[in-house]
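Residue numbers (the numbering used here), protein chains in the order written: chain D, 1 to 432; chain F, 1001 to 1509. Backbone N, C-alpha and C define an ideal beta-carbon position, used for all residues, glycine too. Just so you know, these numbers come straight off a predicted model, no measurement behind them.
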Ligand SMILES: Cc1cc2nc3c(=O)[nH]c(=O)nc-3n(C[C@H](O)[C@H](O)[C@H](O)COP(=O)(O)OP(=O)(O)OC[C@H]3O[C@@H](n4cnc5c(N)ncnc54)[C@H](O)[C@@H]3O)c2cc1C
Ligand SMILES: Cc1cc2nc3c(=O)[nH]c(=O)nc-3n(C[C@H](O)[C@H](O)[C@H](O)COP(=O)(O)O)c2cc1C
Ligand code: SF4
């Protein structure tokens, strides 16, 4: 079994699976259950300033999107930061850290955007023995309207300024948590780096309305006839998060900046994908909220099984391995030609590939009277829609045409690597 | 349709590795198929219980001349075609392929403190292993299973899941369709075992020696757990092959091929276990010998004796113990060589009775009847097993007990008396009937045989407390020979494992 011990910005944990700042990490009782189940670390639920804590709604906080069999795919919440008194949280953080020395303990913070407030909170958490802080510049609801959370995270100058204060008034490693509610994720990451952040974590939740009650005509969750936008998370947001992580990992300005990957991590595979795209570790919220803390056991066994298969001896061997292969569209090889191929032994004859291709793509699948489906190579543009709609995994595969072979669709020979930048149809090439 | 299929069957059985409807159709020439090809495929898949590979037909069969048929009187071999034999003795439940496993695994809700785990005598973390299958890591799933149950491969095949984990599944309650835990367990364990990988390593040698009597599920599970902790284990078994009833008792169609022996070989890869075959406690050595030569003793000797019918004429030719018939069938390389009666009567109401009856049908007996003295609800064979018997064409007669076996030298009829439930047990109503029989199998329970002197017995079994501690210090017992738990493979594995942990704790204290 591969050793999953991970060191992230100097913080060691027995595995790269941390719980993200959220209800699972709001209290000692939750966090101790999480550690007992095997989680490598936690980012404690976001703390606010000293004084009366925030209040949450007393009606439902969540909206949800389900797939088949009522599998939870996306969750939306209108919860705020911790609503428990600061001193209770601080006492519990210290107690838990003392008891679980080998686990990572990060404190998430969100206070008003002035230096005094940040100085004060950093002072108060100084003797908790926590391993680091995470600055919550992400929450899109409730706190943003008060000038915190994503209201800060959407303004790179603020990020840089606050990060600088934190680094100035604290010796703790500092992670800046980014909001995805922004057009170009590289900008806030660059700002965090300029401010001296040791790492960024992303993504926080995405602005969303999950559903509308069609009798009461109000967004859900509905609180006394009204609803508001909330933060979306869970498996549905993973693709968005992966792209944002990759953008930061491959950008010249931020390359090498440690990343903690968050957003829809549910299985070992999700975690491995984030890590391959440059995340040094991952944080999880919705999966734990859906299935309980025990799911980390599958993540641990799965990642270690995978690493053994690959011959990786440390998680560092995996981190960033896919980054060099993330490129821009214009550099993709236009002479890479594939054709869909249907394995007749595996085909169950549902015809979904046919409907997809015939109705919405390139009319490249033939259907016989006895429901045999075959690909017409002379029509197939290799879009792979059929692969994606087929209910049987690996029944349809994309087969590469060898170099020199003739593509029956175009009649052209498969040539060497050539991309859009040199393609004759490219107006900027023609202009030269 | 059925006619078409019957006509197709011999052609289909010529062992060409026909796998898909396409090769199937191409093989026959599409035009010859009158019903839609897909329908034929699914029917055949169903009829052959999912296994579409059938062996080469015999010469006699090609010629269309079978030596015997189900109608041949007496106890004879070769009642069926080679294709029928191989179809009948293939997996009762076909293994899941990767796609089916994925779909089946997706149905698990990953329940908290899952009822299926509680229902499993070995406490396998079922939701975890199913999730590991769902996330494409069947090897990890297998490790989760084997960590609790080293015979997870056999248990996946033989456990009455309908009364264990699958009965407890919340989807059984919700939809009457549990997650297919047994088949998923088989998918995972088969995947790892096929690679020949043994997932555990032996602990540092402790220098302690433990004797285990009986190489059945209880003894082997105990031995494996002890070996994992670095103890040296010697297993003594009276029989020539290891495995206990896995090798000599379990229905052929539950553990096809050489699975039982393959599993033993795989289990022994842990190292530190030596098996002494053909060595019986009480005949070749005594408990005192073991106590003086070893640091601890575990008894997992099962139930080697059988109950007598106590009906007149029991000694007539054609009457035998069901377990012996089953053992012979399991050991027969060629099923067609196993003789079976035309009219078979099985007496008893447990799993052994069902297995003997079903396998009699599969060998080509024309009429097979199970006769049980109490009501159907009292039968220890589960409802699922009973249904399996009736769907195999077995008739179940209840409330009837044997009175006499008739026949001149060999059995020709069995006479039964009807029984009724009285206030103080069963009473004969006085009315009797006779069943035609040229073969009778007694399946009325196994008994402990050759228990060493000095051990306290309870209800005919070795009395144990806690993790298999007998009344004698330093001697543990588990499995069928000991009190507590149902007489099941999985229970034997659990008891052997737990005794090993207790022995280990004692030896290291
Ligand atoms: C016909 C039949 C079908 C069954 N089908 C199922 C099923 O489908 N599913 C299920 O869960 N359970 C089934 N069972 C029950 C299951 O097989 C037993 O519960 C299980 O095998 C008990 O394991 P064990 O190790 O205690 O004993 P056994 O498997 O009986 O093993 C005992 C071993 O001890 C050896 N032995 C006996 N006496 C001595 C001696 N004096 N010295 C040395 N060695 C000795 C024997 O040779 C044998 O190898 C079935 C039982 C029978 C009889
Ligand atoms: C109910 C709820 C409350 C949350 N509260 C916080 C919070 O206080 N601070 C924070 O930084 N992120 C918070 N988050 C966001 C999560 O930490 C995480 O970034 C997000 O859920 C994406 O990860 P996931 O897809 O694994 O859930 C919250 C999420 C949920 C569902
Ligand atoms: S999970 Fe259900 S029971 Fe628990 S606090 Fe929320 S609404 Fe109440």
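Since residue 1298/F contacts residue 1216/F with CB under 8 Å, what's their CB separation in whole angstroms? About 11 Å separates the two Cβ atoms, so there is no contact after all.
Any C-beta of chain F sitting closer than 8 Å to the C-beta of residue 392/D? For residue 392/D, the nearest CB of chain F lies under 8 Å from its own CB, placing it at the interface with that chain.
In the DSSP assignment, find the unbroken alpha helix (DSSP H) run with residue 89/D in it and report its ends. Per DSSP, residue 89/D is one residue of the alpha helix (DSSP H) stretching across 86 to 99.
Would you say the segment 1341 to 1349 of chain F touches the segment 1472 to 1491 of chain F, given that touching needs at least three Cβ pairs under 8 Å? no
State yes or no: is the C-beta of residue 11/D within less than 8 Å of the C-beta of residue 104/D? In this structure, residue 104/D lies closer than 8 Å to residue 11/D by Cβ.
What does residue 305/D reach in chain F if we use C-beta pairs closer than 7 Å? 1137, 1139, 1140
When you compare the CB of residue 108/D with every CB in chain F, is at least one pair closer than 8 Å? no
Check whether the Cβ of residue 99/D lies closer than 7 Å to any heavy atom of ligand 1, and answer yes or no. The answer is no for residue 99/D.
Helix, strand or coil for residue 161/D? Go by DSSP, reduced to three states. helix
Member of 1209/F, 1067/F, 1304/F, 1335/F whose CA lies at the smallest distance from the CA of residue 1294/F: 1209/F
Shorter than 8 Å from the beta carbon of residue 329/D to some beta carbon of chain F? Answer no: the Cβ-Cβ gap between residue 329/D and chain F never drops below 8 Å.
If you drop the 5 nearest sequence neighbours on each side, which residues of the same chain put their C-beta closer than 6 Å to that of residue 165/D? 115, 118
Hey, is residue 301/D's beta-carbon within less than 8 Å of any beta-carbon in chain F? yes
If the cut is a Cβ gap below 8 Å, which residues of chain F does residue 292/D touch? Under the 8 Å cutoff, chain F gives 1110, 1112.
Assign residue 1062/F to one of two classes, buried (16 or more other C-beta atoms within 10 Å of its C-beta) or exposed (fewer than that). Bear in mind that a pLDDT of 47 at residue 1062/F, under 50, signals an unreliable position, so the model cannot answer this.
Closer than 8 Å to chain D by CB, residue 1128/F: By this cut-off, residue 1128/F is an interface position.
Taking the straight line between their C-alpha atoms, what separation do you get for residue 420/D and residue 330/D? 5 Å
Could you check what DSSP says for residue 1303/F in three-state terms: helix, strand or coil? coil
Helix, strand or coil at residue 265/D [DSSP, three-state]: In the three-state reduction of the DSSP assignment, residue 265/D falls in the coil class.
Tell me whether the beta-carbon of residue 1411/F lies closer than 8 Å to the beta-carbon of residue 1306/F. no
Under three-state DSSP, which class holds residue 1274/F? DSSP places residue 1274/F in strand when its eight states are reduced to three.
Output needed for residue 1158/F: all residues of its chain with C-beta closer than 6 Å, excluding positions within five of it in sequence on either side, in chain order. 1250, 1254, 1489
Have a look at the DSSP bridge pairing and note the partners of residue 1417/F. 1401/F, 1432/F
Report the rounded CA-to-CA distance for residue 424/D versus residue 417/D, giving the unit in angstroms. 14 Å
Close Cβ partners of residue 33/D (< 7 Å) along its chain, the five nearest in sequence each way excluded: Around residue 33/D, the same chain offers 293 as residues with beta carbons nearer than 7 Å, after the five sequence neighbours per side are excluded.
Best match in 303/D, 280/D, 342/D for proximity to residue 249/D [C-alpha to C-alpha]: 280/D
contact_flag[the segment 319 to 338 of chain D, the segment 401 to 414 of chain D] where n(CB pairs < 8 Å) is 3 or more: yes
With 16 as the cutoff for other CB atoms within 10 Å, does residue 1396/F come out buried or exposed? That one is buried.
With distances taken between CB atoms, is the gap from residue 1414/F to residue 1394/F smaller than 8 Å? no
Of all the options 1422/F, 1361/F, 1458/F, which has the alpha carbon lying nearest to the alpha carbon of residue 1070/F? 1361/F
Do you know whose CA, among 1182/F, 1201/F, 1354/F, lies nearest residue 1164/F's CA? 1182/F
Beta carbon of residue 1244/F, beta carbon of residue 1153/F: below 8 Å? no
Any heavy atom of ligand 5 closer than 7 Å to the CB of residue 233/D? By its list of ligands, the structure shown excludes ligand 5, since it contains just ligand 1, ligand 2 and ligand 3.
Neighbourhood of residue 1080/F by C-beta distance below 6 Å, restricted to the same chain and skipping five residues each side: 1364
Between which two residues does the beta strand (DSSP E) holding residue 1347/F run? Segment 1343 to 1347, the beta strand (DSSP E) holding residue 1347/F.
Consult DSSP for residue 412/D and reduce its assignment to one of helix, strand or coil. coil
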